[in-house]
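S.K.: First the structure, then my questions, so here it is.
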Amino acid sequence: AGKARLEVTVKPFEAMPASTRRGVGAEAGRVAAVRGVDDVRVRYEDL
Numbered sequence: 022a023g024k025a026r027l028e029v030t031v032k033p034f035e036a037m038p039a040s041t042r043r044g045v046g047a048e049a050g051r052v053a054a055v056r057g058v059d060d061v062r063v064r065y066e067d068l
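Read in my numbering, the sequence shown has 67 at position 46, and its numbers run on one by one without any break.
Written out as structure tokens, the structure reads:
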């Protein structure tokens, strides 16, 4: 069986400051921890 991974794709409707991106990454990490997942990937799509 493969390892579980949490993948998050963000489709911003305006430019996101670095602080917001860090917040998204931190929140994804918290969600992954609650779900018992070690591998977290956050991807940002272009505007």
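Backbone N, C-alpha and C define an ideal beta-carbon position, used for all residues, glycine too.
From R43 to A25, what distance separates their C-alpha atoms?
M.R.: Mapped onto the sequence shown, residue 43 falls at position 22. Mapped onto the sequence shown, residue 25 falls at position 4. Roughly 22 Å separates the two Cα atoms.
S.K.: Would you tell me roughly how many angstroms separate the C-alpha atoms of R56 and V45, rounded to the nearest one?
M.R.: For this step, residue 56 is matched to residue 35 along the sequence shown. For this step, residue 45 is matched to residue 24 along the sequence shown. Going by the C-alpha atoms only, they are around 17 Å apart.
S.K.: Taking the DSSP output, what are the residues bridged to L27?
M.R.: One-based indexing of the sequence shown puts residue 27 at position 6. Beta-bridge pairing links L27 to V61.
S.K.: Could you tell me the distance, in whole angstroms, from the CA atom of M37 to the CA atom of V63?
M.R.: The residue given as residue 37 occupies position 16 in the sequence shown. The residue given as residue 63 occupies position 42 in the sequence shown. Straight-line Cα distance between these residues: approximately 14 Å.
S.K.: If we ignore side chains and look at the alpha-carbon of each, how far apart do Y65 and V52 end up?
M.R.: The residue given as residue 65 occupies position 44 in the sequence shown. The residue given as residue 52 occupies position 31 in the sequence shown. Using only the alpha carbons, I get a separation of about 18 Å.
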